[in-house]
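Numbering (my numbering), first residue to last: 12 to 476. Cβ coordinates follow ideal geometry from the N, Cα and C atoms, glycine included. Computed from a predicted model, the values in this text were never measured in an experiment.
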């Protein structure tokens, strides 16, 4: 009897729904009980049946309603073309692409998970979740203990005659990309010139475009930029800032000789300018250690950036900027306008990891692992790509900068490589001006290093085609 009543109520309500408007409210349970002469339990069972069939939807505390049927239709966002105007930003880098597990990813800018201090990071997150960092708002400039760590790290490399930075000189950022954009806006400003090495980090090129600064490229090679070219760029443009990576540059792997670093410091001082030093690979030394130029400057000319994102974990986006004088205040004001403050949880995790005894042990092991991977990939290049050229075997960092024999169709090469199961990063996007030749940036810190020889062989086959 109950099943028959349920079917009768379902059929009757379906007839009513067929003539009702989408979103119409069904009669109340009391009304349906009176209409069909059924118990409230039977009525509720019928409504549940209709809900499971997708005919009605229940809104607790409000009632039951006829479900609206959504008809598939194409999206039309054409109106946004006029509202947005011409595109003002560069496309995202190929280095940020995610890939399937069955391909060899030589394009990425990040180390493989097995090269990260996973145990330290997981333990640090557990401790941070139990601390005040989980519920408190940190100071705008950063957690004082983390500020002190960044200052001490840089100060430890300072010669005796140079005053080391103070913790109050440090501003903590949610990663280096945010720090670059803020520094370019604060120290250069829209429409003003900024000197860049060419090639250089694609993220710096993107940050410069977003900040609206005028990029002034200076050629840079295995020994860094030509100091005379750099001086002429300052004189010609009146620039008051230069961005550079003196240690294990991305993408070239170049490490400036001490004489080049000294000359660059002299140039920025002579022109009353800033050097924005990006020490992105500080923790990735292989046969040499990163020695920051900022450690030799206490006059406020060098604004120093060090990120922990790649060496600690991509999930811990933390960077520190060391700047002195009014420049630091402008940078702090910029980050407050953009993000107010950096997650106290992430700051606590980063500080926990880098102050554990296991951190130094991890870095020592990482040096050996990077050396083996670098040499394996470089050996494969020499074997399978004899026509290509490595301008430098990097003493640190994560990448090889491979110059291909000209002419080479890089977009086609990248497509053919991917079809063969190897993802590469064409080098054009690392040039703020026209590329000086066909290049590939190959990451030797990625997963599956045992496949490097086969991957390079596939690159050679694609290049031959």
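Nearest in C-alpha terms to residue 303, of all of 335, 269, 327, is 269.
Using a C-beta cut-off of 8 angstroms, the stretch 255-267 makes contact with the stretch 198-218, since at least three inter-stretch Cβ pairs fall below that distance.
Short of 8 angstroms from the beta carbon of residue 439, and not among the five residues preceding or following it, lie these beta carbons of its own chain, in chain order: 421, 446, 450.
Every beta strand (DSSP E) of 3 residues or more that sits fully in the stretch 140-188 is shown, in chain order, as 181-184. One Cα belongs to residue 383, the other to residue 242, and the distance between them is close to 39 angstroms. For residue 437, the secondary structure class from DSSP, reduced to helix, strand or coil, is strand. Beta-bridge pairing by DSSP links residue 75 to 69.
Distance from the Cα of residue 278 is smallest, within the candidate group 252, 306, 201, 67, for 252.
For a cut-off of 8 angstroms, the C-beta gap from residue 346 to residue 182 is around 6 angstroms, short enough to register as a contact.
For residue 245, the enclosing alpha helix (DSSP H) starts and ends at 238-248. Between the stretch 138-149 and the stretch 330-346, the count of C-beta pairs closer than 8 angstroms stays below three; the two stretches do not touch.
For residue 22, the three-state secondary structure derived from DSSP is helix. When the alpha-carbon of residue 330 is set against those of 321, 317, 324, the nearest one is in 317.
Listed in chain order, the non-local C-beta contacts of residue 147 below 7 angstroms within the same chain comprise 355, local neighbours out to five positions each way being set aside. In this model, residue 205 and residue 248 are separated by some 9 angstroms (Cα to Cα).
Three or more Cβ pairs drawn from the stretch 365-379 and the stretch 291-302 lie within less than 8 angstroms of each other, which places the two stretches in contact. Per DSSP, the beta bridge partners of residue 330 are 184, 318. In the pairwise beta carbon analysis, the stretch 387-396 is classified as not touching the stretch 360-371: fewer than three pairs are separated by under 8 angstroms.
Distances from the alpha-carbon of residue 287 to those of 219, 352, 234 put 219 closest. In the DSSP annotation of this structure, the continuous segment of the alpha helix (DSSP H) that includes residue 271 starts and ends at 269-281. Taken through DSSP and simplified to helix, strand or coil, residue 50 comes out as coil. In this structure, the straight-line span from the alpha carbon of residue 25 to that of residue 436 is close to 58 angstroms. Our two residues, residue 192 and residue 184, have alpha carbons roughly 11 angstroms apart in a direct line.
Spatial neighbours of residue 425 in its own chain (CB-CB distance under 7 angstroms, excluding positions within 5 residues in sequence) are listed in chain order as 435, 437.
Annotated three-state conformation of residue 390 is helix, per DSSP.
Judged by beta-carbon spacing, residue 305 lies within the 8 angstroms limit of residue 315, meaning their Cβ atoms are closer than that value. Residue state for residue 230 is assigned as strand, using DSSP reduced to three classes. In the displayed model, residue 16 falls within a helix according to three-state DSSP.
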